[in-house]
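S.K.:
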């Protein structure tokens, strides 16, 4: 696999297939793709955290929300399903982050498919959060 260097200047963003410290186009600094595993490690750790948190919330609170007992959960069954699906989505987001981190650490490059999956899950998560904020009835 060839070594890739990418310009840090977002306006330039030139990619060359060799180790370079200075961009041949704009003269700005360049970074080497895959040299630092730090981003992969951060993705791995945050993915594990989100997977653990979303999974734990789904396992421990899911049964209570899906079979509401008025003494324990005061929301409607639809609200319980919505929040349960939110917890599952957080766990799936963590799983995607975990996959991204492992792939980035192994290859030094991001996977386009995993990037699209992560962005799609993030968009769904944001839409669900907006729905919860805007459309859910407010309690007095």
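Residue numbers (the working numbering): 378 to 517. Just so it is clear, CB atoms sit at the ideal spot from N, CA and C, and this is done for glycine as well. Just so we're clear, the structure is a prediction, and the values are computed from it rather than from any experiment.
Determine the burial state of residue 473: buried for a count of at least 16 other Cβ atoms within 10 Å of its Cβ, exposed for fewer.
M.R.: Here residue 473 refers to the residue found at position 96 of the chain shown. By the neighbour-count rule (16 or more Cβ atoms within 10 Å), residue 473 is buried.
S.K.: DSSP on residue 407, reduced to helix/strand/coil?
M.R.: Translated into the one-based positions of the chain shown, residue 407 becomes position 30. Reduced to three states, the DSSP call for residue 407 is strand.
S.K.: Between residue 482 and residue 417, which are expected to be in contact by the criterion C-beta below 8 Å, what is the C-beta distance as a whole number of angstroms?
M.R.: To locate residue 482, count along the chain shown from 1; it is residue 105. To locate residue 417, count along the chain shown from 1; it is residue 40. About 4 Å; that satisfies the 8 Å criterion.
S.K.: Please state whether DSSP places residue 393 in a helix, a strand or coil.
M.R.: By 1-based counting over the chain shown, the position of residue 393 is 16. Three-state result, residue 393: strand.
S.K.: Give the single residue among 428, 464, 429 whose Cα lies nearest to the Cα of residue 438.
M.R.: As a first step, residue 438 is located in the chain shown; it is residue number 61 there, counting from the start. Taking only the C-alpha atoms, the option nearest residue 438 is 464.
S.K.: Output needed for residue 430: all residues of its chain with C-beta closer than 7 Å, excluding positions within five of it in sequence on either side, in chain order.
M.R.: Here residue 430 corresponds to residue number 53 of the chain shown, with the count starting at 1. Once the five neighbours on either side are set aside, the close Cβ partners of residue 430 are 467.
S.K.: Would you tell me roughly how many angstroms separate the C-alpha atoms of residue 435 and residue 385, rounded to the nearest one?
M.R.: One-based indexing of the chain shown puts residue 435 at position 58. One-based indexing of the chain shown puts residue 385 at position 8. Cα to Cα, residue 435 sits roughly 40 Å from residue 385.
S.K.: Hey, quick one: how far does the alpha helix (DSSP H) through residue 435 stretch, first residue to last?
M.R.: Translated into positions along the chain shown, residue 435 becomes position 58. Where residue 435 is concerned, the enclosing alpha helix (DSSP H) stretches over 415-443.
S.K.: Near residue 401, what residues of its chain come up, given a Cβ to Cβ distance below 8 Å and the 5 sequence neighbours on each side ignored?
M.R.: Position 24 of the chain shown, counted from the first residue, corresponds to residue 401. The answer, listed in chain order, is 391, 393.
S.K.: Here's a check: name, in chain order, each residue in its chain whose Cβ is nearer than 8 Å to the Cβ of residue 492, leaving out the five neighbours to either side.
M.R.: Indexing the chain shown from 1 puts residue 492 at position 115. Excluding positions up to five away in sequence, the list reads 477.
S.K.: Buried or exposed for residue 404, please, with buried defined as at least 16 other CB atoms from any protein chain shown within 10 angstroms of its CB.
M.R.: By 1-based counting over the chain shown, the position of residue 404 is 27. Residue 404 is exposed by the Cβ-count criterion.
S.K.: Does the Cβ-Cβ distance between residue 427 and residue 485 come in under 8 Å?
M.R.: The sequence position of residue 427 within the chain shown is 50, counting from 1. The sequence position of residue 485 within the chain shown is 108, counting from 1. Contact flag unset, no.
S.K.: With burial defined as no fewer than 16 other Cβ atoms inside 10 Å of the residue's Cβ, what is the status of residue 442: buried or exposed?
M.R.: Stepping through the chain shown from its first residue, residue 442 is reached at position 65. Label assigned to residue 442: buried.
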